[in-house]
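2 protein chains.
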Amino acid sequence: MRRKPSSLCLPLLAVLLTAAAEPKTALPPNEIVAMAQPGDWVDIAPDDLLVMTLTPASKGKPRRIVIQLMPAPFSAGWVDNIRLLARAHWYDGIAVVRVQDNYVVQWGDPHGEDAKKAKPLPPGLKMMTERDYVYPRSLPVDARLGTLLRPRNDVSHFAGFTEGFSFEGDGTPDSVRNWPVHCYGMVGVGRNLSPDTGTGAELYTVIGHAPRQLDRNIALAGRIIEGMEHLASLPRGTGEIGFYKTPQERTPIRSIRLASDLPAAEQPHVQYLDTGSDFFMRYADARANRRDPFFITPAGGADICNIPVPIRRKP
Amino acid sequence: MRRKPSSLCLPLLAVLLTAAAEPKTALPPNEIVAMAQPGDWVDIAPDDLLVMTLTPASKGKPRRIVIQLMPAPFSAGWVDNIRLLARAHWYDGIAVVRVQDNYVVQWGDPHGEDAKKAKPLPPGLKMMTERDYVYPRSLPVDARLGTLLRPRNDVSHFAGFTEGFSFEGDGTPDSVRNWPVHCYGMVGVGRNLSPDTGTGAELYTVIGHAPRQLDRNIALAGRIIEGMEHLASLPRGTGEIGFYKTPQERTPIRSIRLASDLPAAEQPHVQYLDTGSDFFMRYADARANRRDPFFITPAGGADICNIPVPIRRKP
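As they're listed, the protein sequences go chains A and B.
Residue 4 is where the first sequence starts when you use this note's numbering, and the numbers rise one by one after that.
Residue 4 is where the second sequence starts when you use this note's numbering, and the numbers rise one by one after that.
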């Protein structure tokens with residue numbers, strides 16, 4: 004007579020069967036993303052996309068950069084200004100003026116500091132304050148992220164994702180604050196010394212290890228989702244903190260346009276992976292704990308800037 | 004009659020006096036480093052320095068890169084191999100074969116994967132194993148770092164500095180392990196699938212946000228301390244994972260030499276700031292909590308990769 008397995012044996016058997024059925028290694032993050040279903044991808048509205056065109060590279064190769072603007076509630080005043088400046092074609096003819104290795108690429112009016120020669124700004128720009136660097140209310144944080152992030156999320160300090168962007172926050176039961184984070188490729192608003200918070204006429208992007216000391220000290224307004232390589236590979240500046248010493252070294256910007264202002268055929272159609280989807284969580288887990296064949300020891304956690312939100316052209 | 008201040012009042016008075024004497028803002032990290040004394044700087048031995056010379060840039064501009072090799076106990080076998088390859092002039096004529104944005108620049112023998120065309124390796128190279136990715140004993144961690152780092156140091160997971168390099172570790176009271184970390188500019192040893200751990204003939208450096216998933220999965224052998232901009236600004240690769248599709252796109256490497264093998268006049272004399280010095284700790288604190296005039300809200304902590312060990316030419 005066969006002995007009926009005891010209740011202790013059953014779970015053990017289940018564990019053994021699972022172990023046998025599971026492959027020794029798991030998928031890399033990009034293959035998990037490739038398995039996501041059409042409903043897991045979110046269209047980015049043409050009003051939330053900027054197309055920035057540099058002068059062509061040395062061999063006439065075009066250099067086009069696509070920026071996703073940050074969704075409300077974050078930085079709404081600066082983002083409104085950037086839309087206004089793009090619609091006024093104000094950015095046309097400005098230049099990349101600064102490239103500091105492992106820090107930022109910055110573009111703006113080369114004569115912006117000279118009251119006589121500065122390009123006049125269009126009317127209607129909003130003035131923001133340092134209070135606008137943080138959003139003073141709670142945003143949902145997916146509990147599944149808690150064990151993936153380093154540092155771990157807790158009630159007083161946490162990080163998460165919202166509408167394709169990462170954010171960090173802190174709080175007490177009575178008061179919660181959130182703010183966007185300076186990861187590689189994020190786009191921010193240049194400013195002078197406080198109380199100036201910048202208009203949006205001068206922008207920068209991060210080309211190195213996340214300079215998180217800038218969080219809550221300067222406004223972030225979006226992130227580069229295509230063409231980052233055209234900025235990150237520019238020659239580093241020859242002067243102090245990476246500013247170019249001579250006008251000849253600068254890279255001219257032909258135009259920056261809202262995608263919604265471009266002819267239909269030139270509009271990019273881009274989607275981000277829904278950060279609340281199961282595929283995003285599997286992707287985040289794979290970024291935090293690589294188990295694909297190249298890897299031996301999973302890291303046990305990832306910095307939020309090591310989990311960039313996946314992007315694709317709409318199929 | 005004047006009342007003698009009570010013992011409660013005295014410390015309060017001291018606090019008020021300190022607050023009055025202290026400027027409203029503090030020095031930025033680089034100004035703290037500039038104040039360090041000659042005895043706070045440590046010479047890097049010429050046997051621990053590699054000088055890598057690329058072919059000149061388009062306008063004949065020289066491109067020279069200086070690499071500090073990792074001190075024992077870390078990665079000693081791979082570092083020995085790199086010295087052997089440099090002394091044999093094996094690296095001369097290889098090329099930068101891969102540039103993947105926000106990840107790595109990699110150099111090696113373009114025909115390394117082709118048994119018939121691969122450049123023969125010199126005899127005497129050591130074979131290492133995956134066990135050599137970690138150092139199985141305790142290294143001292145300065146207690147002053149505990150509150151500056153994010154994540155915070157605790158007994159089971161910590162980070163620190165030793166001889167100009169950052170490391171991470173974990174442990175229990177009976178077993179402590181340490182390993183070097185993949186920060187921007189770190190130099191590692193390319194490898195194929197495990198159990199291969201690489202010889203040191205193929206190297207890479209990090210050109211983006213620290214890919215910490217590589218820690219304990221691949222050997223680190225040094226860090227770039229001069230000329231990083233020559234590698235980080237190279238055009239990104241046109242093929243899969245950033246490999247160049249055509250030989251013409253590669254950047255040739257003229258030579259990689261140990262500084263000790265160069266004529267005296269060509270040897271770089273470089274120093275790092277002693278990571279146990281008070282000035283280093285003040286610098287680390289300033290990186291973790293910027294209080295200089297541009298900043299409004301100190302971050303409250305820094306990732307270890309946001310505290311690069313300062314370097315200077317020996318005065």
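No residue lacks a Cβ here, since even glycine has one placed at the ideal position from N, Cα and C.
| Asked | Found |
| --- | --- |
| Specify the secondary structure class of Ala305 of chain A as computed by DSSP and reduced to three states. | strand |
| So Phe164 of chain B is in the alpha helix (DSSP H); what residue range does that whole segment cover? | Careful: Phe164 of chain B lies outside any alpha helix (DSSP H), inside the beta strand (DSSP E) at His160 to Thr165. |
| Rounded to the nearest angstrom, what separates Leu88 of chain A and Tyr94 of chain A at their Cα positions? | 7 Å |
| If we define contact as Cβ-Cβ less than 8 Å, is Leu196 of chain A a contact residue for chain B? | yes |
| Using the Cα positions of Asn156 of chain B and Met131 of chain A, report the straight-line distance between them to the nearest angstrom. | 37 Å |
| Around the Cβ of Ala24 of chain B, are there at least 16 other Cβ atoms within 10 angstroms (buried) or fewer (exposed)? | Note that Ala24 of chain B has pLDDT 45, beneath the 50 cutoff, so the model's placement of it is unreliable and no number is given. |
| Specify, as a first and last residue, the run of the beta strand (DSSP E) that Tyr207 of chain B falls within. | Leu206 to Val209 |
| Out of A:Asn309, A:Trp81 and A:Met73, which has the shortest C-alpha to C-alpha gap to Pro214 of chain B? | A:Asn309 |
| Could you tell me if Thr175 of chain B is buried or exposed, where buried requires 16 or more neighbouring beta carbons within 10 angstroms of its beta carbon? | exposed |
| Less than 8 Å separating the beta-carbons of Ala224 of chain A and Thr200 of chain A? | no |
| Sorted by chain position, which residues of the same chain lie with C-beta nearer than 6 Å to Phe161 of chain A's C-beta, five sequence neighbours on each side aside? | Val144 and Gly172 |
| Considering just the uninterrupted stretch of the alpha helix (DSSP H) at Arg253 of chain A, what are its terminal residues? | Neither: Arg253 of chain A is in no alpha helix (DSSP H) and is coded neither H nor E. |
| Tell me where the beta strand (DSSP E) around Ala98 of chain B begins and ends. | Ala98 to Gln103 |
| Along chain A, which residues have their Cβ under 8 Å away from the Cβ of Gln71 of chain B? | Neighbours of Gln71 of chain B on chain A: none; closest Cβ ~16 Å, over 8 Å. |
| If I'm right that Arg257 of chain A touches Ala98 of chain A with Cβ under 8 Å, what's the distance once you round it to whole angstroms? | With 8 Å as the limit, Arg257 of chain A and Ala98 of chain A do not qualify as a contact, their Cβ atoms being about 10 Å apart. |
| Quick check on DSSP: helix, strand or coil for Asn33 of chain B? | helix |
| Does the count of Cβ pairs from the region 260-276 of chain B and the region 51-69 of chain B closer than 8 Å reach three? | yes |
| Pairs of beta-carbons, one from the region 198-212 of chain B and one from the region 229-239 of chain B, closer than 8 Å: are there three or more? | yes |
| With a cut-off of 8 Å, do at least 3 Cβ pairs link the region 28-35 of chain B to the region 283-298 of chain B? | yes |
| Which first and last residues belong to the beta strand (DSSP E) in which Val107 of chain B is found? | Val107 to Gly111 |
| Give the interface partners of Ala302 of chain B over in chain A, defined as CB-CB distance under 9 Å, in chain order. | Arg215, Gln216, Leu217, Asp218, Arg219 and Asn220 |
| With DSSP as the reference, identify every bridge partner of Thr56 of chain B, one or two as the case may be. | B:Arg67 and B:Ser258 |
| Assign Glu229 of chain A to one of three DSSP states: helix, strand, or coil. | strand |
| Is the shortest distance between the beta-carbon of Phe297 of chain B and the beta-carbons of chain A less than 8 Å? | yes |
| Taking just the CA atoms, how far does Gly80 of chain A sit from Pro26 of chain A? | Its pLDDT being 47, under 50, Pro26 of chain A is placed unreliably by the model, and the measurement read from it follows with that caveat. Their Cα atoms are separated by approximately 50 Å. |
| Do you know offhand how far Ile259 of chain B's Cα is from Pro238 of chain A's? | 23 Å |
| May I ask you to list, following chain order, the residues of the region 227-238 of chain A that have a beta carbon less than 8 Å from some beta carbon of chain B? | Met231, Glu232, Ala235, Ser236, Leu237 and Pro238 |
| Can you name the start and end residues of the alpha helix (DSSP H) that Asn84 of chain B belongs to? | Ala79 to Arg90 |
| Please state if the CB of Asp177 of chain A and the CB of Asp306 of chain B are separated by a distance shorter than 8 Å. | no |
| So for Leu142 of chain A, helix, strand or coil by DSSP? | coil |
| Is Glu252 of chain A close to chain B? Criterion is C-beta to C-beta, closer than 8 Å. | no |
| Does the beta carbon of Pro154 of chain A come closer than 8 Å to any beta carbon on chain B? | yes |
| Please report whether the beta-carbon of His212 of chain A lies at a distance below 8 Å from any beta-carbon of chain B. | yes |
| Rounding to the nearest angstrom, what Cα-Cα distance links Tyr106 of chain B and Phe297 of chain A in this structure? | 16 Å |
| Let me know if Leu57 of chain A comes out buried or exposed under the rule of 16 or more other beta-carbons within 10 Å of its beta-carbon. | buried |
| Measure from the C-beta of Arg293 of chain A to each C-beta in chain B and report whether the shortest distance is under 8 Å. | yes |
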